[in-house]
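J.:
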Amino acid sequence: MTSELYRNYIAGKWVDAGSGQTFERRNPATGELVGVFAKGGKEDVENAVQAASAAFASWRLYPAPKRGEILYRAAQMLLDRKEDLAREMTEEMGKVIDEARGDVQEAIDMTFYMAGEGRRLYGQTTPSELRSKFNMSVRKPIGVCGIITPWNFPLAIPSWKMMPALIAGNTVVFKPASFTPRMGIRLVEVLEEAGLPPGVVNLVMGSGAEVGDAIIEHPDVPLISFTGSTETGTDVATRGARVNKRISLEMGGKNAVIVMDDADLGLATDGILWSAFGTSGQRCTAASRVVVHRSVQKELSERLVARAGGMRLGNGLEATTDIGPVVTERQLETINDYVHVGRAEGARLATGGEIARDGELSRGFFHQPTVFDEVRADMRIAQEEIFGPVTALIPVDSLDEAIDVVNGVKYGLSASIFTADINRAFRAMQDIFTGILYVNAGTTGAEIHLPFGGTKATGNGHREAGTAALDFFTEWQSIYVDFSGRLQRAQIDPIEEDGKP
Ligand code: NAD
0 MTSELYRNYI AGKWVDAGSG QTFERRNPAT GELVGVFAKG GKEDVENAVQ
50 AASAAFASWR LYPAPKRGEI LYRAAQMLLD RKEDLAREMT EEMGKVIDEA
100 RGDVQEAIDM TFYMAGEGRR LYGQTTPSEL RSKFNMSVRK PIGVCGIITP
150 WNFPLAIPSW KMMPALIAGN TVVFKPASFT PRMGIRLVEV LEEAGLPPGV
200 VNLVMGSGAE VGDAIIEHPD VPLISFTGST ETGTDVATRG ARVNKRISLE
250 MGGKNAVIVM DDADLGLATD GILWSAFGTS GQRCTAASRV VVHRSVQKEL
300 SERLVARAGG MRLGNGLEAT TDIGPVVTER QLETINDYVH VGRAEGARLA
350 TGGEIARDGE LSRGFFHQPT VFDEVRADMR IAQEEIFGPV TALIPVDSLD
400 EAIDVVNGVK YGLSASIFTA DINRAFRAMQ DIFTGILYVN AGTTGAEIHL
450 PFGGTKATGN GHREAGTAAL DFFTEWQSIY VDFSGRLQRA QIDPIEEDGK
500 P
């Protein structure tokens, strides 16, 4: 294992932290050292913001199609390096290699997609209410964007933010999560090699309390794009609002799958296992609730128990592994605490429930895939985000009740329904208030060209991905061009008779 020192990237140079301090990241499956990283602080953020502010003056005027060419090159490099990046991702945060490949692919897709936006970035043209006057609206970049990201999608999420920011002509100060700094570095390396001018993207690694805080408080960072927990995000928004920042928040979830009595139970079982235990349950869209019609509850529960019991825990790099480690020891303890809470609340532990410590597993942070049955919708395990391989079966008697249960949490990210009845599917689409909804699929699987985000405590009204992302990273400028040669007053002057220009 390498003990290479990885540095911050400021004004086009890889530099040590001003304080000279470093921090380590270890592989959550094996405990081996992944790398040693510069531990940035306020001074480094100051330098990064200065570099990004200086670069904004020219980057905003660099033609957008040419910005797109840089992103096309970056996307191709990500594609060329996909396998290496995926392996490094698994080492750094634990997800199984196939899912790590998917994470890299999402970054590739987003980078190609936003590269194409360089030749669109559409605004509107409209008729004027006056003669000899031309109206249009154009998108303008905003300035230095503060980008703060979590560890669970360490390439995909930074790319969801960085690529729309860059194509629109903004510059960036990027703080990756402290558990996945190397993936942050890899993304910035690619952008550097693709020809991004110095200062356009700057990377400062370090803790949320120091680096994140300094970005949020900085007066020359007008925009913050944050993904992480609802607790941290709410704090970010509160502090940012005091200085009138534009803030987008993507936060926690408590996503639910509905399984109706007419559902294909084999398909539903596949969808639930993938959504509940993929990335060890550490996806923002993880299915941590299964709202099941009472008439199929027993059969679904038995199918889930049989399949979950056969899932193999292990190092995500091994082809035989179904479920990798969770990200840290602390997260492992939190998950296990929730198992105790569930039992104490009276839910039936159908399978799992233990920290896995056999043999090699004792070197990492592994938790058995866990299914609770006979869960009531008001229990804590049915209301709070656990962020681990734990799911809760909540029996109901009707679609109405199922929809109420799905909507009855503080979050609103993703939901799904398994049913063979098109009327029920459309009822769910109409009455479930999440940002994302699936029919006959699990709760995960978003594609990058549709809006991504959640309602209620999951977000604050913005969306990532698709062209919706551009709405956050640009300001509209409405432009009125009067070519009549005289003063024309909108809303006041009558239009001239026919024949007059
Ligand atoms: P987190 O809130 O602990 O950290 C997120 C980022 O914020 C990290 O970079 C962290 O260093 C930084 N941070 C922490 N304290 C800060 C502070 N005081 N000021 C500024 N920045 C600070 O979240 P996490 O554990 O990294 O990620 C897991 C959470 O992210 C889960 O709740 C999950 O649901 C959520 N998530 C949401 C989405 C979504 O799109 N809705 C996607 C992925 C993850």
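0 is the number of the first residue of the sequence shown in numbering that gives the first Met the number 0; add one for each residue after it. Note that CB positions come from ideal geometry on N, CA and C, so glycine has one too.
Cβ of E216 within 7 Å of any heavy atom in the ligand NAD?
T.: no
J.: Tell me whether A73 sits in a helix, a strand or coil according to DSSP, three-state version.
T.: Look at A73 here: in three-state DSSP terms it is helix.
J.: Under the rule that 16 or more other beta-carbon atoms within 10 Å means buried, what is D261, buried or exposed?
T.: exposed
J.: With DSSP as the reference, label Y410 as helix, strand or coil.
T.: strand
J.: Please confirm whether any heavy atom of the ligand NAD lies closer than 7 Å to the CB of A99.
T.: no
J.: Among residues of its own chain, excluding the 5 on either side of D108, which ones have a beta-carbon nearer than 7 Å to its beta-carbon?
T.: I447
J.: Beta strand (DSSP E) containing N7: first to last residue?
T.: That run of the beta strand (DSSP E) goes 7-9.
J.: Just how far apart, CA to CA, sit P324 and H366?
T.: 7 Å
J.: Is the number of C-beta pairs between the segment 37-47 and the segment 203-223 that are closer than 8 Å three or more?
T.: yes
J.: What does DSSP give as the partner residues of S477 in its beta bridges?
T.: S136
J.: Just to check, is the beta-carbon of L436 closer than 7 Å to a non-hydrogen atom of the ligand NAD?
T.: no
J.: In this structure, does DSSP put I491 in helix, strand or coil?
T.: Of the three classes helix, strand and coil, the one that applies to I491 here is coil, per DSSP.
J.: Taking 7 Å as the cut-off, is the beta-carbon of I322 closer than that to any non-hydrogen atom of the ligand NAD?
T.: Distance from the C-beta of I322 to the nearest heavy atom of the ligand NAD is not below 7 Å.
J.: For a test of the three-state rule: what should DSSP assign to Q330, helix, strand or coil?
T.: helix
J.: What are the residues that DSSP puts in a beta bridge with Q123?
T.: S136
J.: If you measure between the beta carbons of H461 and G453, is that distance less than 8 Å?
T.: no
J.: With DSSP run on the structure shown, which of helix, strand or coil describes T1?
T.: Low local confidence applies: a pLDDT of 48 at T1 is under 50, so the model's placement there is unreliable, with the coordinate-based value given in what follows. In the structure shown, T1 sits in coil (DSSP, three-state: anything other than H, G, I, E or B).
J.: Please list the segments of the beta strand (DSSP E) lying wholly inside the segment 271-295, counting only runs of 3 or more residues, in order along the chain.
T.: 286-292
J.: Which first and last residues belong to the beta strand (DSSP E) in which S247 is found?
T.: 245-249
J.: Going by the C-beta, is S283 closer than 7 Å to any heavy atom of the ligand NAD?
T.: According to the sequence as given, residue 283 is Cys; it is not Ser. Checking every heavy atom of the ligand NAD against the Cβ of C283, one is found closer than 7 Å.
J.: Between which residues of its own chain and D234 is the CB-CB distance below 7 Å, once the five residues before and five after are set aside?
T.: none
J.: What residue range does the beta strand (DSSP E) around D234 cover?
T.: Note, D234: premise wrong, no beta strand (DSSP E); alpha helix (DSSP H) at 229-241.
J.: Tell me the DSSP secondary structure of Y61 in three-state form.
T.: coil
J.: Where does G145 fall in DSSP's three states?
T.: strand
J.: Mark K297 as exposed unless 16 or more other C-beta atoms lie within 10 angstroms of its C-beta, in which case mark it buried.
T.: exposed
J.: Report the option in G101, S397, G345 whose CA atom is closest to the CA atom of I380.
T.: G345
J.: What are the boundary residues of the alpha helix (DSSP H) that includes W13?
T.: That residue, W13, is in no alpha helix (DSSP H); its beta strand (DSSP E) goes 12-14.
J.: Could you give the C-beta distance for K174 and V210, rounded to a whole number, given that I count them as a contact under 8 Å?
T.: 5 Å
J.: By a C-beta neighbour count over all protein chains shown, 10 Å radius and 16 as the cutoff for buried, is F482 buried or exposed?
T.: exposed
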